[in-house]
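Chemist:
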Amino acid sequence: MLQGITEREYSIYLPPSYEEDKAKTYPILYLLHGGGCSNTDWEQYGGLSHLADSLIACGQMEEMVVVCPEANKDNMIWFNADHWRYEDFMFREFMPYIERTYRIKPGKAYRSVAGFSMGGGAAVVYGVLHPDLFNVVYGMSCYLRAQPLEFLKNDPSAPWRQKLVDDYNPILTIANGSEADVEAWKTVHWFIDCGDKDFTYDANIDLIASFRKRSIPYELRVKAGGHDWNYWRPALRDALLYVSSQLPGE
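In this note's numbering, the protein residues as written are 327 to 576.
1) In three-state terms, what does DSSP make of Ala378?
2) To test your reading of the DSSP string, which unbroken beta strand (DSSP E) runs of 3 or more residues are found completely within the segment 419-457?
3) Count the CB pairs spanning the segment 425-438 and the segment 369-376 that are closer than 8 Å, and state whether there are at least three.
4) For Phe417, which option in Ala435, Met390, Tyr452, Tyr339 has the closest C-alpha, if you only look at C-alpha atoms?
5) Who are the Cβ neighbours of Leu455 in its own chain at under 6 Å, not counting the five residues just before and after it?
6) Take every Cβ of the segment 344-361, pair it with every Cβ of the segment 534-549, and state whether three or more of those distances are shorter than 8 Å.
7) Could you have a look at Leu546 and say whether DSSP puts it in helix, strand or coil?
8) What do you get for Gly360, buried or exposed, if any count of 16 or more other CB atoms within 10 angstroms of its CB means buried?
9) Check whether the Cβ atoms of Tyr412 and Ile403 sit closer than 8 Å, and answer yes or no.
10) In angstroms with no decimal places, state the Cα-to-Cα distance between Val362 and Ala440.
11) Cβ atoms of Leu340 and Leu566: under 8 Å apart, would you say?
12) How far does the beta strand (DSSP E) with Tyr464 in it extend, from its first residue to its last?
13) Considering just the uninterrupted stretch of the beta strand (DSSP E) at Leu357, what are its terminal residues?
14) Taking C-alpha atoms, which residue in Asp492, Gly465, Ile338, Val462 lies nearest to Arg471?
15) Look at the alpha carbon of Ala529 and the alpha carbon of Arg563, and state the distance between them as a whole number of angstroms.
16) Report the partner residues of Ile518 according to the DSSP bridge assignment.
17) Do you know how far the Cα of Ile500 is from the Cα of Arg334?
18) Taking only three categories from DSSP, how would you classify Ala501?
19) Considering only residues of the same chain and omitting the five flanking positions on each side of Tyr336, which have a CB-CB separation below 7 Å?
Written out as structure tokens, the structure is:
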């Protein structure tokens with residue numbers, strides 16, 4: 327694999343008909359975890375499988391494959407660094423592997439990305455850098471720029487991690503983008519979901535301001551809540567419904 331990346335785990339949700347209809351293909355959603363977390367959190371704390379099965383059974387959600395990659399909780403970065411080139415791995419190896427291994431509908435219209443916290447910020451960055459690849463970007467409590475984090479204060483790797491977040495700051499990228507960039511970003515369905523007591527709230531609102539300044543359509547949801555699974559669990563439901571609602575009609 328790529329430099330600094332030897333093995334990566336992932337979790338996958340396959341919809342109810344996947345094993346029954348071997349000819350059927352499906353849309354795909356990539357769900358990115360937060361800093362210090364793992365690919366299993368969406369299932370363990372978000373109840374992904376039960377939630378998706380329930381929404382599909384009652385006709386509220388289209389069947390889709392949901393993939394939860396792991397960015398290594400010890401590095402907790404979805405981007406490229408000198409010794410940790412996860413973005414390259416994601417787009418050059420991981421996504422192509424997933425989409426040729428499982429029965430995935432081809433094309434941007436059927437591919438979406440979402441995440442919470444560090445993963446929410448990464449989802450936005452991925453959409454900004456690769457707007458040709460994603461139909462929906464759904465960011466929950468997006469960690470978009472370096473902020474003091476209590477659990478990192480004694481971590482010697484914290485400075486380079488935080489610098490990397492700032493280097494990839496999508497607020498600045500959007501502000502400085504060309505008109506061609508803006509037209510590409512307008513082809514993505516952007517949804518930002520953040521609690522009113524979340525420490526990332528101001529940065530998420532600044533992201534919305536950057537969308538507004540460049541006349542990029544978006545949806546914003548602010549509800550009561552903080553930076554925890556009490557907020558992200560219902561947000562996951564909203565994300566699945568929104569991604570489903572933006573799929574092309576058959």
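Positions of the beta carbon are idealized from the N, C-alpha and C atoms, including for glycine.
Modeler: Considering the structure as presented:
1) It is helical.
2) The segment 419-457 contains these whole beta strand (DSSP E) runs: 437-442.
3) As far as the Cβ criterion goes, the segment 425-438 does not touch the segment 369-376, which means the pair count is below three.
4) It is Tyr452.
5) Counting only Cβ-Cβ distances below 6 Å, and skipping sequence neighbours, we find nothing.
6) The segment 344-361, when compared against the segment 534-549, does not touch it at the 8 Å Cβ threshold.
7) In the structure shown, Leu546 sits in a strand (DSSP, three-state: E or B).
8) Gly360 counts as buried, since no fewer than 16 other beta carbons sit within 10 angstroms of its beta carbon.
9) Yes. Within cutoff.
10) Inspection of the sequence shows that residue 362 is occupied by Gly rather than by Val. About 17 Å.
11) No, the pair does not count as a contact, with Cβ atoms beyond the cut-off.
12) For Tyr464, the enclosing beta strand (DSSP E) begins and ends at 462-466.
13) Leu357 -> beta strand (DSSP E) spans 354-358.
14) For the set Asp492, Gly465, Ile338, Val462, the Cα lying nearest the Cα of Arg471 is the one of Asp492.
15) A straight-line Cα-Cα distance of about 23 Å links Ala529 and Arg563.
16) Partner residues in the beta bridge of Ile518, as assigned by DSSP, are Gly465, Leu546.
17) One C-alpha to the other measures close to 30 Å.
18) Secondary structure of Ala501 (DSSP, three-state): helix.
19) Taken in chain order, the residues that qualify are Asn365, Val393, Cys394, Pro395, Glu396.
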